[in-house]
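Heads up, the thing below is written out as structure tokens.
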Amino acid sequence: MPLLIALLMLCCALPAHAATDDDGLLIAAGAGYKRPLLALYQAFERDSGIGLEAAFGNMRQVLAQTRASARVALVVGERRFLAESGLFARTQPFGRGRLVLVRTAELADRPLTDPAFRRIALPDPARAIYGRAALQSLAHDGLREALAERLTVLATVPQVAAHLRAGSVEAGFINATEARALDPERLVVETIEPSHYAPLEIVIGVPTRRAPGAAAERFLDFVTTPAARDLLAEYGL
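For reference, each letter of the sequence shown is one residue, going -18 to -1, 1 to 219 in mature numbering (1 follows the signal peptide of the UniProt record, and there is no 0).
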């Protein structure tokens, strides 16, 4: 069964009936993990023969859908964000998120305080962990207040990346995974020291309202295999 991709929207909630394995394996995740997860899902389908559906959005959307529908079998997101929701019976380690700062090549050697940086984009800190990490990093460097008027808040990591590609912002904070898809001749990536922001522990959550089922357990086992770990490492997780 081919991979089916959906984009979670609050206005289009999934049906809330009691779900079973017959409904298919629906995994919801933050949009910032779309690239590695799609590669992982395809590898899982080849290995298991089990088809799945993939849903992506900002984490508030993901949690809202998880709360509304028992169709969501698994959720990929940051550990503390999932724990605070109270929606999950257990979690399994998945990877470690890494924050990066991307600058346009012509401004690569200039500090962010340079007036040439008119717009510095970040994901919405209220909805995306990398936006929260970006503010923590700026505060660590004593720049949060100085740059406050230049910060451009966007909904998700992919939206920040899209603005960087379009040249509508001079710099932006995203994750290392999304940065892999940027043009290195036009955009320069700087890895932020992990000590400058709270650790970003990415996990897979099993919702309380639905028993995981055989397909979900098979996926959880697959994620621990060397092949899956090597694939995720390629994407910086």
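C-beta atoms are modelled at their ideal positions from N, C-alpha and C, and glycine is treated no differently.
Expected contact under 8 Å - CB spacing of residue 73 and residue 185 to nearest Å: By 1-based counting over the sequence shown, the position of residue 73 is 91. By 1-based counting over the sequence shown, the position of residue 185 is 203. Contact between residue 73 and residue 185 is confirmed by a C-beta separation of about 4 Å, below the 8 Å threshold.
Could you tell me the alpha carbon to alpha carbon distance between residue 180 and residue 115, rounded to whole angstroms? Here residue 180 is taken as the residue at index 198 of the sequence shown, counted from 1. Here residue 115 is taken as the residue at index 133 of the sequence shown, counted from 1. If I take the Cα positions, the gap works out to 7 Å.
Which one or two residues does DSSP pair with residue 74 in a beta bridge? Taking the first residue of the sequence shown as position 1, residue 74 is located at position 92. The partner list for residue 74 (beta bridge, DSSP) reads 186.
One or two residues paired with residue 60 in a DSSP bridge: As a working note, residue 60 is residue 78 in the sequence shown. Residue 60 is bridged by DSSP to 184.
Out of curiosity, what's the CA-to-CA distance linking residue 147 and residue 165? Residue 147 sits at position 165 when you count from the first residue of the sequence shown. Residue 165 sits at position 183 when you count from the first residue of the sequence shown. One C-alpha to the other measures close to 8 Å.
According to DSSP, is residue 208 part of a helix, a strand, or is it coil? The count along the sequence shown starts at 1 and reaches residue 208 at position 226. Residue 208: helix per DSSP, three-state reduction.
How big is the Cα-Cα spacing for residue 117 and residue 33? Reading the sequence shown from its first residue, position 135 is the one you call residue 117. Reading the sequence shown from its first residue, position 51 is the one you call residue 33. Using only the alpha carbons, I get a separation of about 39 Å.
Cutoff 8 Å; reference residue 112; Cβ partners in own chain excluding five residues on either side: Against the sequence shown, residue 112 aligns to sequence position 130. Around residue 112: 14, 79, 81, 104, 105, 139, 155, 156, 157 and 182.
Going by DSSP, which residues form a beta bridge with residue 44? For this step, residue 44 is matched to residue 62 along the sequence shown. According to DSSP, residue 44 bridges with nothing at all.
Based on Cα-Cα distance, which residue from 51, 71, 6 and 60 lies nearest to residue 36? Start at 1 with the first residue of the sequence shown, and residue 36 comes out as number 54. For residue 36, the nearest C-alpha among the options comes from 6.
On a CA-only basis, which of 97, 122 and 178 is nearest residue 153? Give me that one, please. Numbered from its first residue, the sequence shown carries residue 153 at position 171. Closest option to residue 153, Cα to Cα, is 97.
Run the CB neighbour count on residue 168, radius 10 Å, all protein chains shown included, and call it buried at 16 or more, exposed below. For the purposes of this step, residue 168 is taken as the residue at position 186 of the sequence shown. Classification of residue 168: exposed, given that the 10 Å Cβ count is below 16.
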